[in-house]
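Protein chains in written order, with this note's numbering: chain R, 1079 to 1544; chain G, 1079 to 1544; chain U, 1079 to 1544. So the structure is just underneath, and the comments pick up after that.
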């Protein structure tokens, strides 16, 4: 029997014995529910083609910026964390095993340990000495015929998995999966137009030109741009998308009249827009995205507050998503107001607000979600989807907004094999939070049993229209 | 015997058995102390005239924006939450009962459940199916002759209840109550001049004209305005007021020379003040309010940081205080400095600072209250007067400012029947916090017994000069 | 046997019995480790000359602004808290004893009580009635021959104590201590150039002139200034310094070209720099300090976010460091970026970031320290180095950055006799935090035993290059 803490049945549950007993009972209600993952970054083609997983390093280390960032902080350059040149996958894995103690107490460490034991059957703690042994064990598992994305999709009990996609993506993989009668999960695209809305994005001008050319109904300029966005959103809806996602620096929104919007758009395309012009135009486009969501029914999700690519030399050498997106203070109340003035009570409009700045949980998000029918509290995200942070989130928002106004858990991951560990951790934390309220006689135990099912299963179905 | 969690003797107390035992013992010291409510929104006329309470919906649902906001968020339009036209009180009550599960885990849910059981004798959980039964039970209770404001005032063991009043209010009700030898509670007015200081307030110009006309000693313009404010404050003091309250967007303060203040005042009255002019003038008036407090002894309380009437369509249709006042980030350190430079150590000046932004608890309020004799920490307010938030407050401020620098509990409510539940909850949380410090050997149990009495009873008497 | 909570072996440990048992075991691993104090404000001359401590009031009350501020807040003027004129040390001590109940629950109260019992043998609680008795007991202890700085340094088991020093200090005391074969502790200087970098500092112009004159290698102006700073840093390094410390209003950094820097420097010396000029120049000098740290190896520590001398009348009467430095909101992500662009991955550069604004723990500091090899999380500081705040810190940063990226405890004190109490409290909190993670099966108990030794002993040695 494994002695790893990763399989302890009480992991993440509260220490107080009475509260733990309640939490165990609550957890048992939801442990076998299917996984609903309405926002994440797995590639649909991997599911479609049932691509075998690569080697342990390329699967678990190199692409995961949660992992590489902390190893980088310990002084290991990134080129030793991705295979290439003289560096082989075993070298990368050895670096990772050497760095393993750094992950104690982190969310990444928790997910990794849980995966290693539950998915890969590696019970022993990782260590530099035994790096090759763990590498071989995982590699052997990866070579097993049953260890493919589609089989794991079923083993993991995933019911819905949303991907994140470029607006001009053909969605060919989604179509193929959907058309395959032998595959029973749902793999849904998500419309993510950042690189078409953010003028400062290096690809913006080219993207916009392609967008208008391919989907603008023959219209030019701003009119073509808006029409093309509407068309592509409709295309996504037709192929199963339930949401449109927006990664922005600030949640600013603004309604411009069309002539002014067109003027700024043309200015931007001519390369003459000032930073202030760009901010105004982008705020207007957030307003337009909401307007389109009201019309086409896509749930609108906003992920603001990250200063992307903080370290330019690393960006130049290794590209984006390499672990140096750093949060900044976020303010929603005034920024989101123009959008909510017009759409905050619009029928069937769902707007899910995320944050990397915990201070807005109690100050802004719970009050907004506690009034506007459209607004839902996004689950703790990125640096905050960890046990203590998730408990702080529930503590901060529940007393104002209750349980009905939150989105349900979002794993937001590109690490397919970590999905069960992440959802399991979230369920344990929901059970822990509710168990405390029961122990403090703030909620009856019977009601808590209903609530945990609703939080884990009902909320994501309702909020994301699954 | 009722099985409701609302009457569990250990409700809100910590789960750990040893800590809970200490908390029980601490709580027993203060459970029977009289209620001191130095800030709230009950109407004095209701006490004076001993007005019977209206029907259950008009008493417990329609006027309580904590309640209606969350039902509104679930998609119920406001016109179904207030009787009128085809909608009767029973319809409103049914909507409320249907929505009751939304309130699990919220502060409002806690207060409502406690009231229903302890004040109205309704032990069964509310439900849509039994809506009419609970309506009838409450209506029957409301019809009992002993169920009137004055009788409840005594039953609730209220010693002091402060109201919130317009500066030109005659205070007739307060005078009548005070003159009545058969009524033994104290009902104190509070001077609240927001609508006379906030230039953007729709009634400002008219208010100012009336104010100067009625109380300006015949002086005109700014001189008459200042004189009138001083006169009306004196009138309030003569009729028992202990504090002046200020609801402001930011806690900015500023000292202008009188000529400049007069110039801006005239500009505002002529409708030509810019937003910047208005901000400057209002900051100056906060300074003036402090100056007057130093002179007349009224405790100054500041409630900043709420963006009022966030959703204009709702404001236009249903008016103010309908649940969409949303907090914004607040900064006190620099804003309040001009005031504190001159009055921070003024003899007998008490300045109670509230916040909707938890981040200022440890960062600004505890350090300010831990140095300035005038500054007191306002109790957690509005979205924050809930069990977990109150514990976060104590944890955030105590290590810097101890227990002596906080205001004591403020219920801030217009819901008269919720007053005992709110004060009881606060006492339970104070007992819980102190019990943890005792369990961790940070405070002796003997000293904790003294502290809880001081926190519940001594602090409000001292800080509000009761 | 003393009954004081100050000697309870379980003080500060968690109440849950199972978690407490784990914490006890963890604590036992580090209770006897030597004290490493890499940042503080003890005067080296006191160690060098083994100066007897003054009377109880001058030792424990008057110079400690943590203590005097809270007594001041209770209404006692500062002149009654320092001996002089008609006020003797016993009068000051009596004021302090009268005020003693104010400190319940505060960090200062905890340190004082612990010192009184453990260092001075005063077991009875302080009280106004017994003020003279406690004064006499402490005074008697102070008169004992073994009660001198050097003897206590050994009794306290201090291995390293860093002081904070003016750049032009001769470091004579440090040299003498180092040269004394009978003294075995290490007393290290710290380079603190605030009064040479902050143009608004009243002594800036004179300081700069002296600096260039004494250490500028004959160069004039900006070139001489930079050379002199480099020279004095080298002098500090040669005499054992391991770090350079910077107290700044904001953590702004900026790289100017030398000509522009020289222009602003000359403008500042001529008294013509605008506030904006000063901000730019100071941000540039932070960048220069980092550049010099990269070259000379001094660890760079930044302590931002305090609005110094908030109450001008108190500053005018009693000087700086009198308890009215009040924190303001801090933002690191954008401010520190110019520095990190160039030096964030520089070899052997250590940059320790402190904050008085808890919101940056999870939002900015953990993400920065979790990517940049140079960045370390400064321990909770000033208003935040208290039990609950230290637990909030660990909870906020660990899930992103683990344990390896924090600086280890910093006592930051000028109160020599409080050093053991402060380090002991920190070790108890580290044990408490780790014990919870063990109880929740997030870390194995074996690994927690290694981690606590590393956190208490390994981190400060590594981060401060001791």
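Each residue gets a CB set at the ideal place from its N, CA and C atoms; glycine is no exception.
Fill in: Opposing strand residues paired with residue 1454 of chain G [DSSP bridges]
Note: residue 1454 of chain G sits in a beta bridge opposite G:1430.
Discussion item. Looking at residue 1340 of chain G: is its Cβ nearer than 8 Å to the Cβ of residue 1359 of chain G?
Written reply: No.
Discussion item. Residues in the same chain with beta-carbon distance under 6 Å from residue 1455 of chain G, minus the five sequence neighbours each way, listed in chain order, please.
Written reply: Taken in chain order, the residues that qualify are 1443, 1447, 1475, 1483, 1484.
Item to complete: Would you kindly work out how many angstroms separate the C-alpha atoms of residue 1032 of chain G and residue 1384 of chain G, rounded to a whole number?
Response: For residue 1032 of chain G there is no data in the structure shown, the boundaries of chain G being 1079 and 1544.
Worksheet entry | Neighbour flag for residue 1390 of chain R against chain U, beta carbons, 8 Å | For residue 1390 of chain R, at least one C-beta of chain U is nearer than 8 Å to its own C-beta.
Worksheet item: Rounded to a whole number of angstroms, what is the C-alpha to C-alpha distance between residue 1035 of chain G and residue 1125 of chain G?
Response: Examination of residue 1035 of chain G is not possible in this model, given that chain G is present from 1079 through 1544 alone.
Item to complete: Could you tell me whether the segment 1515–1526 of chain R touches the segment 1096–1116 of chain R, where touching means 3 or more Cβ pairs closer than 8 Å?
Response: Yes, the segment 1515–1526 of chain R is in contact with the segment 1096–1116 of chain R.
Worksheet entry | Top-ranked residue by Cα proximity to residue 1141 of chain U, from U:1128, U:1375, U:1158, U:1091 | When each option's Cα is compared against that of residue 1141 of chain U, the closest is U:1158.
Worksheet entry | Distance between residue 1342 of chain U and residue 1357 of chain U (C-alpha atoms, nearest Å) | Cα to Cα, the separation comes out at about 10 Å.
Item to complete: Look at the alpha carbon of residue 1480 of chain G and the alpha carbon of residue 1184 of chain U, and state the distance between them as a whole number of angstroms.
Response: Each residue's alpha carbon lies about 5 Å from the other.
Fill in: Endpoints, alpha helix (DSSP H) assigned at residue 1290 of chain R
Segment 1282–1293, the alpha helix (DSSP H) holding residue 1290 of chain R.
Fill in: Three-state secondary structure (DSSP) of residue 1435 of chain U
Secondary structure at residue 1435 of chain U: coil, using DSSP grouped into helix, strand and coil.
Discussion item. Suppose the cutoff is 6 Å on Cβ atoms and the five residues either side in sequence are ignored; what does the same chain contact list for residue 1249 of chain U look like?
Written reply: 1267, 1317.
Fill in: Validate contact between the segment 1416–1429 of chain G and the segment 1111–1125 of chain U using beta carbons, cut 8 Å, 3 pairs
No: the two stretches stay apart, fewer than three of their Cβ pairs being nearer than 8 Å.
Discussion item. Per DSSP, what are the beta-bridge partners of residue 1114 of chain U in this structure?
Written reply: Assignment of beta-bridge partners to residue 1114 of chain U by DSSP yields U:1238.
Worksheet entry | residue 1390 of chain U, buried or exposed, once every other Cβ within 10 Å from all chains shown has been counted against 16 | When all chains shown are included, residue 1390 of chain U counts as exposed.
Item to complete: Between the Cα of residue 1303 of chain U and those of U:1314, U:1311, U:1289, spot the shortest distance and give me the residue it belongs to.
Response: Closest by alpha carbon: U:1289.
Fill in: Bridge-paired residues (DSSP) for residue 1322 of chain R
In DSSP, residue 1322 of chain R forms a bridge with R:1269, R:1378.
Discussion item. I'd like to know if residue 1159 of chain U contacts chain R, where contact means its C-beta is closer than 8 Å to some C-beta of that chain.
Written reply: Taking Cβ atoms only, chain R never reaches closer than 8 Å to residue 1159 of chain U, which makes this a no.
Fill in: Meets three-Cβ-pair contact criterion under 8 Å: the segment 1486–1493 of chain U and the segment 1186–1203 of chain R
No, they do not touch.
Practice prompt. Write down the C-beta distance between residue 1538 of chain U and residue 1114 of chain U rounded to the nearest angstrom, noting that I regard them as a contact closer than 8 Å.
Written response: Indeed, because the Cβ distance is near 4 Å, the residues count as touching under 8 Å.
Worksheet item: With burial defined as no fewer than 16 other Cβ atoms inside 10 Å of the residue's Cβ, what is the status of residue 1080 of chain U: buried or exposed?
Response: Summary for residue 1080 of chain U: the model assigns pLDDT 48, below 50, so the residue's position carries little reliability, and this model does not support an answer.
Worksheet entry | Buried versus exposed, by CB contacts within 10 Å (16 or more), residue 1109 of chain U | Under this definition residue 1109 of chain U is an exposed residue.
Worksheet entry | Interface positions of the segment 1488–1520 of chain R facing chain G (Cβ-Cβ less than 7 Å), listed along the chain | Residues of the segment 1488–1520 of chain R whose Cβ lies closer than 7 Å to any Cβ of chain G, in chain order: 1514, 1515, 1517, 1518, 1519, 1520.
Worksheet item: What residues from chain U crowd round residue 1093 of chain R, counting only those whose CB sits closer than 7 Å?
Response: In chain order: 1094, 1096, 1097, 1514, 1517, 1518.
Practice prompt. Give me the Cα-Cα distance between residue 1351 of chain R and residue 1283 of chain R, rounded to the nearest whole angstrom.
Written response: Straight across, the Cα-Cα distance linking residue 1351 of chain R with residue 1283 of chain R is about 12 Å.
Item to complete: Apply the 10 Å Cβ neighbour rule to residue 1544 of chain U and answer buried if 16 or more other Cβ atoms are within range, or exposed otherwise.
Response: Looking at its Cβ environment, which holds 16 or more other Cβ atoms inside 10 Å, residue 1544 of chain U is buried.
Item to complete: Compile a chain-ordered list of the residues in the segment 1121–1136 of chain G whose CB is closer than 7 Å to at least one CB of chain R.
Response: Legend: CB atoms of the segment 1121–1136 of chain G lying less than 7 Å from CB atoms of chain R are not found in any residue.
Practice prompt. Identify each residue in the segment 1191–1212 of chain U for which the Cβ-Cβ distance to at least one residue of chain R is less than 9 Å, and report them in chain order.
Written response: Those would be none; no residue qualifies.
Worksheet item: With respect to the alpha helix (DSSP H) encompassing residue 1307 of chain G, which residues constitute its N-terminal and C-terminal limits?
Response: Element bounds for residue 1307 of chain G: 1299–1316.
Worksheet item: Would you call the CB atoms of residue 1435 of chain U and residue 1458 of chain U closer than 8 Å?
Response: No, they are not a contact pair.
Item to complete: Measuring only between beta-carbons, confirm whether residue 1450 of chain U sits less than 8 Å from chain R.
Response: Yes, residue 1450 of chain U lies at the interface with chain R (some Cβ there is under 8 Å from its Cβ).
Fill in: residue 1261 of chain U at chain G interface by Cβ criterion, 8 Å
No - not a single Cβ of chain G is within 8 Å of the one on residue 1261 of chain U.
Worksheet item: Is residue 1376 of chain U near residue 1320 of chain U, with beta carbons less than 8 Å apart?
Response: Their beta carbons are under 8 Å apart, which means residue 1376 of chain U touches residue 1320 of chain U by this criterion.
Fill in: Against chain U: residues of the segment 1398–1422 of chain R by CB proximity under 7 Å
Residues of the segment 1398–1422 of chain R with a C-beta less than 7 Å from any C-beta of chain U: 1401, 1402, 1404, 1405, 1406, 1407, listed in chain order.
Practice prompt. Can you give me the Cβ contacts of residue 1432 of chain U inside the same chain, cut-off strictly under 6 Å, excluding the 5 residues immediately before and after it?
Written response: Cβ neighbours of residue 1432 of chain U beyond the five flanking positions: 1381, 1456, 1459.
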